[in-house]
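Residue numbers (UniProt numbering): 1 to 247.
Scroll down for the structure; my scribbles are underneath it.
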Amino acid sequence: MRNFIILYLLTFTLNSFGQYPFEKYPAIKYKVYKDWKVYNTNGKEKKTEFILTIPKFYDKIDSLTLVLTSFAGKWDSSYITVFKNGKQIQRFFEPMLFYETNLFEPIMLADVNGDNLQDIKLIVPYMGNGTASLNTRVIYLFQQKDKNFIKISFMDKMSDNRPERDFNGDGNYEVITMTLTSYQYHSYWSFNLFNFKKNDFVSTNNKYNYPILIQFLNRDNFKITNKISRQKMKDFGQTKPADYDRK
């Protein structure tokens, strides 16, 4: 019962109608694809595969297919395989489990970093209890000029999709991460900013006076705390998101 109450309060707080400071900036707009096909293999190697094809992905001509593969008993050893017109072009290791109860979010397409190439975003919850129920794996596939991808993934906190925001109108959207941290016996949501530049995630905290900390309360709260100075908040800055993985 206690875990249920905590989860309810967290979800209610994060989904209410207030506005966080970063929500004043333009949000990215995604195309979404939901038609996952699921295949279970019970042979020598028990595995589950999730397959989704996006027609006319490359230059509005060639198709892209994603195959997410997880293996029984290897819950943190999955793979993301990319096909172009049915031919495999890349395969990425992903330290995350994909299964039917946590793969309910769609594939999202948008040009995240402003290079006129479509990128891919996946959100996969860890399905924990209490505050851990907000633990989510965020996976980006950033398309390159040669039609291949750079994969970046990390752990985040979210009750639903937190869209990227364009803070300065340059077309390279800021990725906003969220962690729960403690300071002087109080809990705070800490928000950090990142851009995808030079084929990697780069912190843009200093550019926009981030991170910001918002006190976690059992009611709606969207204001930056006045209990910690903005200078002190810089101590909570991250150079990379939590559990960061780049391939």
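Every residue gets a Cβ at the ideal spot worked out from N, C-alpha and C, and that includes glycine.
If you draw a straight line from the C-alpha of S133 to the C-alpha of L103, how long is it?
-> 15 angstroms
Inter-residue spacing [alpha-carbon to alpha-carbon] between I123 and Y210 = 24 angstroms
What separation, rounded to the nearest whole angstrom, lies between the Cα atoms of L141 and I150?
-> 6 angstroms
Tell me, which residues are paired with N40 by DSSP?
-> T48
Nearest to residue 248 (by Cα), restricted to the options P125, F57, F50 and T131 = This structure gives no information on residue 248, because the portion of the chain shown stretches from 1 to 247.
Where do the N-terminal and C-terminal ends of the alpha helix (DSSP H) with K207 fall, by residue?
-> N205 to Y208
In angstroms, rounded to a whole number, what distance separates the CA positions of F4 and N135?
-> Its pLDDT being 43, under 50, F4 is placed unreliably in this model, and the value from its coordinates should be taken loosely. One C-alpha to the other measures close to 16 angstroms.
Who are the Cβ neighbours of P21 in its own chain at under 7 angstroms, not counting the five residues just before and after it?
-> I212 and I224
Is residue 271 helix, strand or coil by DSSP?
-> Here the chain covers residues 1 to 247 and nothing more, so residue 271 does not appear.
Bridge-paired residues (DSSP) for E94 | S78
Inter-residue Cα distance where the pair is R230 and G237 | 11 angstroms
Looking only at its own chain, which residues have a Cβ that is under 7 angstroms from the Cβ of K232, when we skip the five neighbours before and after it?
-> none
For W75, is the classification buried or exposed, using 16 other Cβ atoms within 10 angstroms of its Cβ as the cut-off for buried?
-> exposed
Given a threshold of 16 other Cβ atoms within 10 Å of its Cβ, counted over all protein chains shown, does E23 qualify as buried or as exposed?
-> exposed
Count the other CB atoms within 10 Å of the CB of T69; is the residue buried (16 or more) or exposed (fewer)?
-> buried
Could you please give the first and the last residue of the uninterrupted alpha helix (DSSP H) stretch that includes M127?
-> Counting along the chain, M127 falls outside any alpha helix (DSSP H), and DSSP gives it neither H nor E.
Compare the C-alpha of G18 against each of K147, F222 and K227 and name the closest.
-> F222
Cβ of Y33 within 8 angstroms of Cβ of L52?
-> yes
Taking the alpha-carbon positions, what's the L66 to Y58 distance?
-> 13 angstroms
Per DSSP, what kind of secondary structure is K84 in: helix, strand or coil?
-> strand
Over what stretch of residues does the beta strand (DSSP E) that includes M233 continue unbroken?
-> M233 -> not in any beta strand (DSSP E); alpha helix (DSSP H) instead, spanning R230 to M233.
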